[in-house]
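Below is one structure, written out as structure tokens, with a few remarks after it.
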Amino acid sequence: MKDTLARCIITIAVRCFSDRRHQWASAMAAEFETAADEGEALSFAIGCLVAALREMPKHEEGRFALASHIFALGIMLPIAALLVSSVPRGFALLAPSSESAAALLGSGYPSFGINEANQVGLPLMALLTLALGFGHLALAWAILERDWKRVTAISSMGAAIVVTLLVFSSILFFGDGCAIPQAVIIALELVAVWALVGWHADLPNPFNLQDPYDNTAVAEQ
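Taken in order, the sequence shown gives residues -10 to 210; the numbers are from our numbering.
Written as structure tokens, this is what we have:
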């Protein structure tokens, strides 16, 4: 079990290095085998991971990787959880509340009244909100994979869903801004995604995710 965990950690560590440090990463992987034979695999792997994480902010590719992971895991996933969990709660956490400063994040309860005229639109709004939440999961995954075509497609779909929510909420629940926080959040997300795409395009040499254990990559250099 420890050996498997150590190998997972060392794999993460060697992939934290940029292409310019590929030889160093390969040497680290080779030294890991020696440490494993001596029974020090886990401690060696943890040390390598700490060293790799300290190295990442020193080069452009590392800073981009850290920023993209923080954005995907620290922002996109919590928003996805917020959207999905809001549906069974009756769209709580999505509507602005005038009673607290948390209204800026849309953490209040919806103020509209449900009646026979507008309740027909609730299933559609719930479905769209779920789609938006799961779309955030797909978008986070695409960002981490740096699949920018898929990122563009998912972002466009998310923007279309938010526009649809705004239209339906303005018609069914006139005067209630229950979809406004979502629109603001999505707009900010799109700006951040656009910044990530531009940053990645400007990288001098984006991360090469070849297997550091494969010596053919080193030979080609």
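All residues carry an ideal CB built from backbone N, CA and C; glycine is no exception.
Remember, predicted model here, so these are calculated numbers, not experimental data.
- Contact between the segment 53 to 70 and the segment 23 to 31 is absent: fewer than three C-beta pairs spanning the two stretches fall below 8 angstroms.
- Around the beta carbon of Phe123, fewer than 16 other beta carbons sit within 10 angstroms, so the residue counts as exposed.
- With contacts defined by Cβ atoms closer than 9 angstroms, Ala176 and Leu155 do not form a contacting pair.
- Distance from the CA of His48 to the CA of Val39, rounded to the nearest whole angstrom, comes to 16 angstroms.
- For Ala61, no alpha helix (DSSP H) run applies, since DSSP gives it neither H nor E.
- Distances from the CA of Glu178 to each of Pro77, Gly63 and Leu116 were compared; the closest alpha carbon is that of Gly63.
- Contact between Ile(-1) and Phe21 holds, since their C-beta atoms are separated by about 5 angstroms, short of 8 angstroms.
- Nearest in C-alpha terms to Leu(-6), of all of Ala120, Arg4 and Ile35, is Ile35.
- Ranked by Cα distance from Trp13, the first of Cys37, Leu126, Pro67 and Trp183 is Cys37.
- Between Val182 and Ser158, the CB-CB gap reaches or exceeds 9 angstroms.
- Annotation: Arg78 to Cys5 spans about 40 angstroms, alpha carbon to alpha carbon.
- Per DSSP, Glu27 is not a residue of any alpha helix (DSSP H), being assigned neither H nor E.
- Here DSSP, grouped into helix, strand and coil, assigns Val152 to helix.
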